[in-house]
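Undergrad: To start, I am sharing the structure in question, which I have written as structure tokens.
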Amino acid sequence: MIPGNKRGPSETANFKRELTAVIPHLRAFARGLCGRPDMADDLVQEALLKAWAAQDRFEPGTSIRAWTFVILRNAYLTDMRRNRFRGEYDETVAERILVAPAGQEEPIHLADLHRALQTLPPERREALLLVGAGGFSYEEAAAICGCAVGTIKSRVGRARAALTAMLEDGSIPQRSMDDAEAHRAILQELDEAAARQEEPAAD
Amino acid sequence: MAADKQKVGSEKVRGHRAPEKTGQAKPEWADGLRALYDSIVDEPLPDSFKDLLERLDDPSLNGSS
Numbered sequence: 001m002i003p004g005n006k007r008g009p010s011e012t013a014n015f016k017r018e019l020t021a022v023i024p025h026l027r028a029f030a031r032g033l034c035g036r037p038d039m040a041d042d043l044v045q046e047a048l049l050k051a052w053a054a055q056d057r058f059e060p061g062t063s064i065r066a067w068t069f070v071i072l073r074n075a076y077l078t079d080m081r082r083n084r085f086r087g088e089y090d091e092t093v094a095e096r097i098l099v100a101p102a103g104q105e106e107p108i109h110l111a112d113l114h115r116a117l118q119t120l121p122p123e124r125r126e127a128l129l130l131v132g133a134g135g136f137s138y139e140e141a142a143a144i145c146g147c148a149v150g151t152i153k154s155r156v157g158r159a160r161a162a163l164t165a166m167l168e169d170g171s172i173p174q175r176s177m178d179d180a181e182a183h184r185a186i187l188q189e190l191d192e193a194a195a196r197q198e199e200p201a202a203d
Numbered sequence: 204m205a206a207d208k209q210k211v212g213s214e215k216v217r218g219h220r221a222p223e224k225t226g227q228a229k230p231e232w233a234d235g236l237r238a239l240y241d242s243i244v245d246e247p248l249p250d251s252f253k254d255l256l257e258r259l260d261d262p263s264l265n266g267s268s
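Protein chains in written order, with my numbering: chain E, 1 to 203; chain H, 204 to 268.
Written as structure tokens, this is what we have:
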């Protein structure tokens, strides 16, 4: 195990405070990624432990949200490879936990949105989550995913087009996780992620 | 952290970056996506996380060997 604590007590305390503050964001990102609140929280806990162990690699002053998202994402991809999240989306849970935004005349049913999101291929879903929900720039999202900015733009564009089509038609297909093309994309992502696994915060 | 959480529905003060340059208007559901995210961010932290944070100070977690 990697010694987690080469820095002084005050730096450790600062790190812990920052880590604590970012937990709600990790939970939101994880739930968007894997769709299930219980598994999302497991994933966040796993990521927190990894982040804690790797705290010497975090550069104070940089974005801890981006740094921990990389760790969370790698944990998710690893778990996906073990099939942990495939086909386990629980719609009734989503219905219960989601709330509609106040003050919209005809609110889009957030459960529909959530479900539509879950039908997207994972790499497009995460790109949209980072940019459209998390408020990251394309550049930041590209750094988190370890891909080119243009790739992120393309993924976000495709994700948006797919969601718009689904929500306008009111036809939200089943999850695409068993879809051959989506699956291939996942596996490719996994390979890329595995190559970077050791260096969650490179650059 | 509070600074980047704008309330949904107020178009002028969105915490979002500038709209992407693909030329498409922001789809109707874009606020919903942000609302989904923010609704989770605003949830109270489950006790399991508080427990975990307490355990982080346990020296046995910090690679004592």
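Virtual Cβ for every residue (Gly too), placed ideally from N, Cα, C.
Taking C-alpha atoms, which residue in E:P122, E:L128, E:L33, E:F136 lies nearest to W67 of chain E?
TA: As a working mapping, residue 67 of chain E is identified with position 67 in the first sequence. The candidate whose alpha carbon is nearest that of W67 of chain E is E:F136.
Undergrad: If you measure beta-carbon to beta-carbon, which residues of the segment 142 to 176 of chain E are closer than 9 Å to chain H?
TA: Against chain H - using a Cβ distance shorter than 9 Å - the residues of the segment 142 to 176 of chain E are K153, V156, G157, R160, A161, L163, T164, L167, E168.
Undergrad: Mapping DSSP to helix, strand and coil, what is D245 of chain H?
TA: What you label residue 245 of chain H is simply residue 42 of the second sequence in a count that begins at 1. Three-state DSSP puts D245 of chain H in coil, outside helix and strand.
Undergrad: Does any CB atom of chain E fall closer than 9 Å to the CB of D250 of chain H?
TA: Within the second sequence, numbered from 1, the residue matching residue 250 of chain H stands at position 47. Chain E contact via Cβ: absent.
Undergrad: Classify G150 of chain E: buried if its beta carbon has 16 or more other beta carbons within 10 angstroms, exposed otherwise.
TA: Your numbering for residue 150 of chain E matches position 150 in the first sequence. So G150 of chain E counts as exposed.
Undergrad: Please name the residue in E:G146, E:R115, E:T20, E:L19 whose C-alpha comes closest to that of C34 of chain E.
TA: For the purposes of this step, residue 34 of chain E is taken as the residue at position 34 of the first sequence. When each option's Cα is compared against that of C34 of chain E, the closest is E:R115.
Undergrad: Counting only the same chain and skipping the five closest in sequence on each side, list residues whose C-beta sits under 7 Å from that of E140 of chain E.
TA: As a working mapping, residue 140 of chain E is identified with position 140 in the first sequence. Closer than 7 Å at the Cβ level, and outside the excluded window around E140 of chain E, lie A66.
Undergrad: I need the straight-line Cα distance from L259 of chain H to E231 of chain H, nearest angstrom please.
TA: For this step, residue 259 of chain H is matched to residue 56 along the second sequence. For this step, residue 231 of chain H is matched to residue 28 along the second sequence. Each residue's Cα considered, the two are about 42 Å apart.
Undergrad: When we look at the beta-carbon of E123 of chain E and count the other beta-carbons within 10 Å, is it buried (16 or more) or exposed?
TA: Position 123 of the first sequence, counting from 1, holds the residue named residue 123 of chain E. Counting Cβ neighbours within 10 Å, E123 of chain E comes out buried, since at least 16 surround it.
Undergrad: Whole angstroms are fine: how far does the CA of P121 of chain E sit from the CA of L128 of chain E?
TA: Here residue 128 of chain E refers to the residue found at position 128 when the first sequence is read from its first residue. Here residue 121 of chain E refers to the residue found at position 121 when the first sequence is read from its first residue. Approximately 11 Å, taken between the alpha carbons.
Undergrad: Measuring straight from C-alpha to C-alpha, what distance separates A142 of chain E and S251 of chain H?
TA: The residue given as residue 142 of chain E occupies position 142 in the first sequence. The residue given as residue 251 of chain H occupies position 48 in the second sequence. Roughly 31 Å between the two C-alpha positions.
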